[in-house]
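Okay, so here's the structure we're looking at.
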Amino acid sequence: MTKKILMVDDEVVLTKMVKMNLERTGNYQVRTENEGSKALQAAREFKPDLILMDVMMPDMSGDEAIAEIRDDENLASIPYVFMTAIVSKAETEDMGSNIGGNEFLAKPVKTEELIAKIESVLG
Amino acid sequence: MKYLSFFLIFIILTLANPAAAQTLQLTEEEQLWLDQHPLIHIAYDKSFPPFEWKNSEGDYQGISIDYIEAIEKQLNIKFQQVQQKNWSKILKEFQAGKIDVISAIAKNDKRNRYMLFTAPHISVKGVIVSAKLYKNIKDLEGERVGVVNNDYWDDLISQYDDELEIIRVENTQAGIELAAIGAIDAMVSDLASVTYVIHKDGISNLQFVPTPIFKEQNLELSIGIRRDWPLLQSILQKAINNIDKEDKDSFYDKWIKVQKVSFWQDKRLQYKVAIISLTIILAFAAIIFWNRSLKLQVARRSEQLETAHTQLIHAEKMESIGRLSAGVAHEVKNPLAILQMSIDYLKGEDNDETINSILDDMDDAVVRADTVIKGLLDFSREKELQVTQGSINEVIEKSLKLIEHELKQRNIQLKTSLSADLPDIGMDRNRLQQVFINLLMNSAQAIGNLGEINVSSSLMTLNDPLLLEKGEGNFSLGQKVILIDILDTGSGLKKKDEKNVFEPFFTTKPLGEGTGLGLSVSKTIIGLHNGMIIMRNRIDGAKQGVEVKILFAIAVVN
């Protein structure tokens, strides 16, 4: 059964490549959004199993977008992984364990690492 | 006052009875007396410079001795010298009749009872010197004032016994030295003695206390003669009077190094010259002092400037790196992420071998670029530590585990010796792990292929001053520390590189292989742990290789 992944990132090409890589495995169906402010609407429509969320976006930051989604009780239980370009890998490990249990991935990330993270979060 | 010695050139010595005759005219009675008394006992004070004292060869010398010799020549006699231990002894023996003549003695009422005096042949101003800045003699009230026991000034100063705490010393030299080191507050003596001692000992911190009580008070020395020999008194007086003025002048010049006395006898000229010279000397002194202090200041400022400059460059580097890195990271990491995903996608296609190998190279390039960014980020975020108590050995072991594979590939043997007795310390495990991995990878890269890395930890007492000299940290000898030692058999450091290894962007690795930030970051991290890191070529007899020592302070439990 394919998992539904919502990816929100202002890097259009990146979202496209992630979608291609994940969907090629046959295990995932990916919807992409390139504006943080569109994340909530997309989540409502798409009902993803997991959200990949960029941290720094021009219109609305990743954590604001996630906060909106968490406010919707139908969506509050959807797990999410932050993808960030402003910290290094070692730091994301720290952040994962220290900051509210959030999951982080540092860009650039290899497809296999991305999949491993998604699978570990989905259990 | 540093330039006191200059002032002393202006000592004013006045001579009594300056009139001089060419040939000595003794009366018959006097001549007869001399013939009948071939043995005249004389005693000299052995520590009364510059008037008379015993030098290191055991001979007596000084102004007074020169007088006595001149007198002997005039009269064609030879005094019989009596050796005595000290001045008090001389006075005692004189009163006992064992000494007939005392070469230089100040007249006073007490002595007048048992002694005849020639007219004073030596006359010197009285002075008070002190290392403190007394503005007035009144300031001396209640202070410890030194004076030579039983000398002229002792008699004089004794009348101020209520106001001063009089300290009696053995001789002027002792008193001057006590005053110079501040053991007594002031010393009373005569200008000639003081000058002599100050010159001789090179004392530079004494100055004169303005002393109205001594204004007209001179130390006047005469020759003392036993009371029952009035004829000798007149004989000696005649002899003194008959000494050439030039000779008399030379007695002073010789021992006090003053200008020709004749020159000074014109008082008006004396004052003029004194004032002009004083002004010039003060000006010179001021210039010399100013010059010297300027030089010192320049040296100090240059040093400060240099340090500040170095710090500024470092701070500027840090600041610009910090400012750049966040922006660069974001702007570079996103394109890198796109490249990474694209490479991954292409790799999943059905490619021929060439394409796959190209994609592998691209993959490596992305990793490399990311490593540089990572270094920048680490560097600019040096201030945030997540400190918990923990075992340093655990961190080392975890680091070793992470590079195990790398070492195996390079045929590098790993030897560890970790002490089980280490206490836990406060640390940021991740950052320390980053340091150890960095150092171990450096060692591995320096070795290349086939070699050995030794890692040890121990609890020790700091006893190597070289370490303290080389490293930067708040450590002191004798302190208990945890020492981590990493030794490799790599190519070692070039002499010129040794001091640069911790500089940001310093690297000896080929272009593209090192960011030059690793050791700089490591040092910063160790510094944040209040530790110290040094890197040097091995000094344990190994053929080549580098030794890294890391020290951590441990809390002392009382």
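Just so you know, the sequences run in chain order G and F.
If you're matching positions, the first sequence starts at 1 in our numbering and goes up one per residue.
If you're matching positions, the second sequence starts at 1001 in our numbering and goes up one per residue.
Quick reminder that beta carbons are idealized off the backbone N, C-alpha and C, glycines included.
All values reported here derive from a predicted model rather than from experimental measurement.
Length of the line joining the Cα atoms of residue i and residue j
i                      : j                      : result
residue 1037 (chain F) : residue 1161 (chain F) : 44 Å
residue 7 (chain G)    : residue 1544 (chain F) : 54 Å
residue 1168 (chain F) : residue 1154 (chain F) : 8 Å
residue 1147 (chain F) : residue 1065 (chain F) : 23 Å
residue 43 (chain G)   : residue 82 (chain G)   : 15 Å
residue 24 (chain G)   : residue 1343 (chain F) : 14 Å
residue 1375 (chain F) : residue 1296 (chain F) : 43 Å
residue 1185 (chain F) : residue 1281 (chain F) : 27 Å
residue 1392 (chain F) : residue 1435 (chain F) : 12 Å
residue 1446 (chain F) : residue 1524 (chain F) : 22 Å
residue 1564 (chain F) : residue 1288 (chain F) : No information on residue 1564 (chain F) is available, as it lies outside the stretch 1001 to 1558 that chain F covers here.
residue 1021 (chain F) : residue 1269 (chain F) : With a pLDDT of 45 at residue 1021 (chain F), under the threshold of 50, the predicted position of this residue should be treated as unreliable, though the coordinate-derived value follows. Their backbone Cα atoms lie some 27 Å apart in a straight line.
residue 1182 (chain F) : residue 1519 (chain F) : 55 Å
residue 1527 (chain F) : residue 1387 (chain F) : 14 Å
residue 34 (chain G)   : residue 9 (chain G)    : 5 Å
residue 1367 (chain F) : residue 113 (chain G)  : 14 Å
residue 1278 (chain F) : residue 1166 (chain F) : 33 Å
residue 109 (chain G)  : residue 27 (chain G)   : 19 Å
residue 1090 (chain F) : residue 1112 (chain F) : 16 Å
residue 56 (chain G)   : residue 65 (chain G)   : 11 Å
residue 1458 (chain F) : residue 1551 (chain F) : 10 Å
residue 1489 (chain F) : residue 1451 (chain F) : 6 Å
residue 1158 (chain F) : residue 1206 (chain F) : 23 Å
residue 1427 (chain F) : residue 1201 (chain F) : 60 Å
residue 1430 (chain F) : residue 1377 (chain F) : 15 Å
residue 1252 (chain F) : residue 1294 (chain F) : 39 Å
residue 1197 (chain F) : residue 1114 (chain F) : 32 Å
residue 77 (chain G)   : residue 1372 (chain F) : 37 Å
residue 1286 (chain F) : residue 1152 (chain F) : 37 Å
residue 1092 (chain F) : residue 1228 (chain F) : 17 Å
Proximity of residue i and residue j at Cβ, strictly below 9 Å
i                      : j                      : result
residue 1554 (chain F) : residue 1499 (chain F) : no
residue 1337 (chain F) : residue 50 (chain G)   : no
residue 1232 (chain F) : residue 1087 (chain F) : no
residue 5 (chain G)    : residue 48 (chain G)   : yes
residue 1493 (chain F) : residue 1532 (chain F) : no
residue 12 (chain G)   : residue 22 (chain G)   : no
residue 1209 (chain F) : residue 1137 (chain F) : yes
residue 1095 (chain F) : residue 1243 (chain F) : no
residue 1404 (chain F) : residue 1418 (chain F) : no
residue 39 (chain G)   : residue 68 (chain G)   : yes
residue 1476 (chain F) : residue 1468 (chain F) : yes
residue 1255 (chain F) : residue 1031 (chain F) : no
residue 1568 (chain F) : residue 1250 (chain F) : With chain F covering only 1001 through 1558, there is no way to say anything about residue 1568 (chain F).
residue 1482 (chain F) : residue 1460 (chain F) : yes
residue 1217 (chain F) : residue 1156 (chain F) : yes
residue 1050 (chain F) : residue 1173 (chain F) : no
Rounded distance between the beta-carbons of residue j and residue i, thought under 8 Å
i                      : j                      : result
residue 1052 (chain F) : residue 1104 (chain F) : 6 Å
residue 1191 (chain F) : residue 1127 (chain F) : 5 Å
residue 1485 (chain F) : residue 1549 (chain F) : 6 Å
residue 1219 (chain F) : residue 1124 (chain F) : 5 Å
residue 1438 (chain F) : residue 1357 (chain F) : So it is not a contact: roughly 30 Å between Cβ atoms.
residue 1240 (chain F) : residue 1042 (chain F) : With a Cβ gap of about 14 Å, residue 1240 (chain F) and residue 1042 (chain F) do not count as contacting.
residue 998 (chain F)  : residue 1410 (chain F) : This structure cannot settle anything about residue 998 (chain F), because the visible part of chain F is limited to 1001 through 1558.
Own chain, CB closer than 7 Å to residue i, minus 5 neighbours either side, in chain order
i                      : result
residue 1039 (chain F) : 1080
residue 1222 (chain F) : 1105, 1107, 1117, 1118, 1119, 1120 and 1121
Backbone secondary structure at residue i - three-state DSSP
i                      : result
residue 1149 (chain F) : coil
residue 1229 (chain F) : coil
residue 121 (chain G)  : helix
residue 111 (chain G)  : helix
residue 78 (chain G)   : coil
residue 1530 (chain F) : coil
residue 1241 (chain F) : helix
residue 1218 (chain F) : strand
residue 71 (chain G)   : helix
residue 1390 (chain F) : strand
residue 1292 (chain F) : helix
residue 12 (chain G)   : helix
Contact set for residue i: own chain, Cβ-Cβ below 6 Å, skip 5 residues either direction
i                      : result
residue 1237 (chain F) : 1118
residue 85 (chain G)   : 107
residue 1009 (chain F) : Its pLDDT being 38, under 50, residue 1009 (chain F) is placed unreliably in this model, and the value from its coordinates should be taken loosely. Excluding positions up to five away in sequence, the list is empty.
residue 1047 (chain F) : 1053 and 1171
Close beta carbons around residue i, own chain, < 8 Å, minus the five adjacent residues each side
i                      : result
residue 1538 (chain F) : 1487, 1492, 1544, 1545, 1546 and 1547
residue 1141 (chain F) : 1163 and 1164
residue 1396 (chain F) : 1416, 1418, 1436, 1455, 1457 and 1484
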